[in-house]
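As structure tokens, the structure follows; a few thoughts come after it.
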Amino acid sequence: MRNCMRKRIFLFYCAFVFLFGCSQQKVSTKDQDVYVQENVAAGEEIQKQDCQVKVTFFDVGKGDAVLIETSGHQMMIDAGYDDTSDVILDYLKEQSIDRLDYLVLTHFDKDHVGGADRILKEVETEYVLQPDYVSDSGQYKEYVEAMEDEGISPNVVTTTRKLSLDGVDFLIYPPQKKDYEEDDNDFSLVISMTCGEKRFLFAGDCEKERLKELMMQNEFDLSHDVLKVPHHGRKEKNSEEFLKAVLPKIAVITSSDEKPADGEICRMLEKLGTNVYFTKDGTITCLCDGVQVSIE
């Protein structure tokens, strides 16, 4: 369902946009889709913001593993399954990344925490951020043991946390309850990232109660340009209301062929005019310079 029409007349199109302005246009080249700044006045030069960020959404099946690279720092959000950790570690080696500034675990399901123990053992990690609860799963126990072996004490996020890395700002919004009716998914940490004029939202596995919290909170504006869709594209009763509040231009769904996203979620996003990408089609790279976002 990739909505990415390729255009051979890229240079002509760019000239057209420069002369006449635009309102959130998508320019497609051979290798990437580019989402251009809204409301550029005729003849006005686009001023790039003082930030650069690369976001990699790994293909780890129906699991989450996202690497954020600023100009001088790295943050990992979730770690996929135990048996997909090589996907992450191989990439880090290829990119000569031997250190993470942050490993943020949104929650402790096996498809998010499963690869954390190997990452902690093989990659120097400065800080680990996690929600305020414990799990009885084997993957969680392996993660805790790895932290102990590496002498790492996790930072438990109980209040909104703000970070800044090389001009890229992060807001980490914790769950607002000590217990949830459904399951551990609503304990998910939610991360809002801002690079210049562009904003990314990483929504973990949020379900109905947590989505309601997000829509009621006043810590940050819920509208974002890029959305990591909650819970691999699973539909909740308030999913449509949430998606309308975020109104993303780009959505990434972490799913697999065996466990696809709910078709209703895909239709909701298409109705909003959102361009939808799936990690089941391969690892997704998103580049942002503060003014435009490109997908590779």
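For the sequence shown, the positions run -23 to -1, 1 to 273 when mature numbering (1 follows the signal peptide of the UniProt record, and there is no 0) is used. Think of the CB as a built atom: it goes at the ideal place given N, C-alpha and C, for glycine as much as any other residue. Nothing here was measured: the structure is a model prediction, and the numbers come from that model.
- Inclusion of ILE149 and VAL134 in the CB contact set at 8 Å is warranted, their separation being smaller than that value.
- Sequence-distant Cβ neighbours of LYS257 in its own chain, meaning closer than 6 Å and more than five residues away, are SER232, SER233, ASP234.
- For ARG187, the three-state secondary structure derived from DSSP is helix.
- Taking every protein chain shown into account, the CB of SER62 has 16 or more other CB atoms within 10 angstroms, so this residue is buried.
- In this structure, TYR120 sits near ASP94, with a CB-CB distance shorter than 8 Å.
- Assignment of VAL223 by DSSP, reduced to helix, strand and coil, places it in the helix class.
- For the 8 Å CB-CB criterion, MET245 and GLU218 do not form a contact.
- Boundaries of the beta strand (DSSP E) harbouring ILE168: 167 to 172, taken from the DSSP string.
- ASN252 counts as buried, since no fewer than 16 other beta carbons sit within 10 angstroms of its beta carbon.
- With a cutoff of 8 Å on beta-carbon distance, LEU166 and VAL81 are scored as near each other.
- ARG187 and ASP163 have their C-alpha atoms spaced approximately 5 Å apart.
- In this chain, the beta strand (DSSP E) harbouring ARG176 covers 175 to 179.
- Here GLY259 has ASP36 as same chain residues with Cβ atoms under 7 Å from its own Cβ, once five neighbours each way along the sequence are excluded.
- Shortest Cα-Cα distance from GLY240 to any of LYS221, LEU224, GLU213, LYS154 involves GLU213.
- Look at the segment 82 to 116 and you find these whole runs of alpha helix (DSSP H), each 4 residues long or longer: 87 to 90, 93 to 99.
- In the three-state reduction of the DSSP assignment, ARG76 falls in the strand class.
- By alpha-carbon distance to ILE54, the top candidate from ASP126, LEU178, LYS226, ILE272 is LEU178.
- If you draw a straight line from the Cα of CYS243 to the Cα of PHE255, it comes to about 10 Å.
- Taking C-alpha positions only, ASP60 is separated from GLY40 by approximately 11 Å.
- Excluding five sequence positions before and after TYR157, the CB atoms of its chain that fall closer than 6 Å to its own CB belong to ASP163, GLU186, given in chain order.
- A residue is called buried when at least 16 other Cβ atoms come within 10 angstroms of its Cβ; SER271 meets this threshold and is buried.
- Going by beta carbons, ASP146 and THR171 fall inside the 8 Å limit.
- SER48 counts as exposed, since fewer than 16 other C-beta atoms from the protein chains shown sit within 10 angstroms of its C-beta.
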